[in-house]
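Q: The working numbering applies: residue 12 is where the sequence shown begins, and numbers increase by one.
Supplied in C-alpha cells, the structure appears directly below.
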Amino acid sequence: MEKQEKNQVEIENKEQPEKLSFDKMYFFDLNKMTKTMGKTTLLVILGVVLFNFMFSDIQWWAKALVGLGSFLLVAFVYYDVKYMLGMKKNPFQIFPERKIFRYYNEFEGNKEIDITKIKEIKVYSRPKPEEIFLLEIFLHNKKKEENVNVAGFTQNTIHELMNDIRQFNSDYIITTNRDPKNKEKK
Numbered sequence: 012m013e014k015q016e017k018n019q020v021e022i023e024n025k026e027q028p029e030k031l032s033f034d035k036m037y038f039f040d041l042n043k044m045t046k047t048m049g050k051t052t053l054l055v056i057l058g059v060v061l062f063n064f065m066f067s068d069i070q071w072w073a074k075a076l077v078g079l080g081s082f083l084l085v086a087f088v089y090y091d092v093k094y095m096l097g098m099k100k101n102p103f104q105i106f107p108e109r110k111i112f113r114y115y116n117e118f119e120g121n122k123e124i125d126i127t128k129i130k131e132i133k134v135y136s137r138p139k140p141e142e143i144f145l146l147e148i149f150l151h152n153k154k155k156e157e158n159v160n161v162a163g164f165t166q167n168t169i170h171e172l173m174n175d176i177r178q179f180n181s182d183y184i185i186t187t188n189r190d191p192k193n194k195e196k197k
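Below, the structure is given as C-alpha cells:
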C-alpha cells in the first residue's frame, strides 16, 4: 500500500513542472551582442565620415541635411550602446517571492512588472532571420503597455523567460505581430 502511494506521489511530481523558487536572471547572448556592437561601430564610423562632408564645398542646405543625419545617427548609436551597457549591469530578473519581473529600459532605467497583473504579451519578430526583438506587455487595469526590448537575446532565452512568467500567471495570452488575427484588426 505504501509503495502505491509513493509511486502516485512520484507520478504527480513528474506531471507538474518545477516551480521557480529562486531569483533567476536572463543574460544577453554574447555572439548577438558582439554582432550588434559591430554594427554600432560601423554606424559611428559612417557618422564621422558624413560629418566630415559638412566641411567640404557643398551647398548650405546639403550641409544641413548631412548634419541632421549625423545627429540622428549619433543619437541612435548612443541609445544602442546605453541599452547594451545597461543590460550588462542589470539583466532581466524574476523574483518568485514577490512575483515581480524586472527589466532594463534604456530610457527609464530598471522597471518592474507585477507578473500576476499581466493580461497579454505580444511578441514582435522579424521573419528573416527569425528573431524576436520586442515584447509588448499589456497589464490589467492599465491603458498603456510596457515595451520590453529583447534584442540580443536568443529565442530559447525568451521562451524560457515566458515559461517562467507563466508559472506565476497562467491566464495571460500570447500573440505575435504576424498573426492573421492581428492583421484583420487593422
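Each residue gets a CB set at the ideal place from its N, CA and C atoms; glycine is no exception.
Keep in mind that this is a model prediction, so the values were computed, not measured.
(1) Residues in the same chain with beta-carbon distance under 7 Å from LEU146, minus the five sequence neighbours each way, listed in chain order, please.
(2) By DSSP, does THR187 sit in helix, in strand, or in coil?
(3) Let me check understanding here. Comparing Cα to Cα, which of PRO138, ILE124, ALA73 and TRP72 lies closest to THR187?
(4) In the DSSP assignment, the alpha helix (DSSP H) including LYS128 goes from what residue to what residue?
(5) Comparing alpha-carbon positions, which option in SER181, LEU96 and PHE144 lies nearest ASN167?
(6) What residues are listed by DSSP as bridge partners for ILE143?
(7) With a threshold of 16 other CB atoms inside 10 Å of the CB of ILE184, please say whether the residue is buried or exposed.
(8) Can you tell which of TYR90, TYR94 and TYR115 has its C-alpha closest to the C-alpha of GLU157?
(9) With DSSP as the reference, identify every bridge partner of ARG113, one or two as the case may be.
(10) Can you name, in chain order, every residue of its own chain whose Cβ lies under 7 Å from the Cβ of LYS93, other than the five neighbours on each side?
(11) To the nearest angstrom, how far is the alpha carbon of LEU84 from that of ASP68?
(12) For ALA86, which residues of its own chain have a beta-carbon under 7 Å away from its beta-carbon, when the five flanking residues on both sides are left out?
(13) Just to confirm the assignment, what range does the beta strand (DSSP E) spanning GLU157 have?
(14) So, under 8 Å CB-CB, LYS130 and HIS151 are touching, yes? Tell me the CB distance rounded to an integer number of Å.
(15) For ARG109, tell me which candidate among MET95, MET173 and ILE124 has the shortest Cα-Cα distance.
(16) Just grab the DSSP bridge partners of PHE149 for me.
(17) If we ignore side chains and look at the alpha-carbon of each, how far apart do LEU54 and ASP190 end up?
A: Taking the geometry as given:
(1) Position 135 of the sequence shown, counting from 1, holds the residue named residue 146. Once the five neighbours on either side are set aside, the close Cβ partners of LEU146 are ILE132, VAL134, VAL159 and VAL161.
(2) Here the question's residue 187 lines up with position 176 in the sequence shown. Strand at THR187.
(3) Sequence index remark: in the sequence shown, residue 187 carries index 176 (1-based). If we check each option's Cα against that of THR187, PRO138 comes out closest.
(4) Position 117 of the sequence shown, counting from 1, holds the residue named residue 128. That residue, LYS128, is in no alpha helix (DSSP H); it is neither H nor E in DSSP.
(5) Your numbering for residue 167 matches position 156 in the sequence shown. The shortest C-alpha separation from ASN167 is found at PHE144.
(6) On the sequence shown, residue 143 is found 132 positions in, with the first residue counted as 1. SER136.
(7) Start at 1 with the first residue of the sequence shown, and residue 184 comes out as number 173. Answer is exposed; the Cβ neighbour count stays below 16.
(8) By 1-based counting over the sequence shown, the position of residue 157 is 146. When each option's Cα is compared against that of GLU157, the closest is TYR115.
(9) On the sequence shown, position 102 is the one that residue 113 refers to. ARG113 pairs with GLN104 and GLU123.
(10) Within the sequence shown, residue 93 is the residue found at index 82, counting from 1. Same-chain partners within the cutoff: GLU117.
(11) By 1-based counting over the sequence shown, the position of residue 84 is 73. By 1-based counting over the sequence shown, the position of residue 68 is 57. Cα to Cα, the separation comes out at about 22 Å.
(12) Here residue 86 corresponds to residue number 75 of the sequence shown, with the count starting at 1. Closer than 7 Å at Cβ, skipping near neighbours: no residue.
(13) Working through the sequence shown from its first residue, we reach residue 157 at position 146. Per DSSP, GLU157 belongs to the beta strand (DSSP E) from 157-160.
(14) The residue given as residue 130 occupies position 119 in the sequence shown. The residue given as residue 151 occupies position 140 in the sequence shown. That pair is a contact at about 5 Å.
(15) Position 98 of the sequence shown, counted from the start, is the residue given in the question as residue 109. Checking every option, the nearest Cα to that of ARG109 belongs to ILE124.
(16) Residue mapping note: residue 149 aligns to position 138 of the sequence shown, counting from 1. Paired residue(s): GLU131.
(17) Residue mapping note: residue 54 aligns to position 43 of the sequence shown, counting from 1. Residue mapping note: residue 190 aligns to position 179 of the sequence shown, counting from 1. Whole-angstrom Cα-Cα distance: 33 Å.
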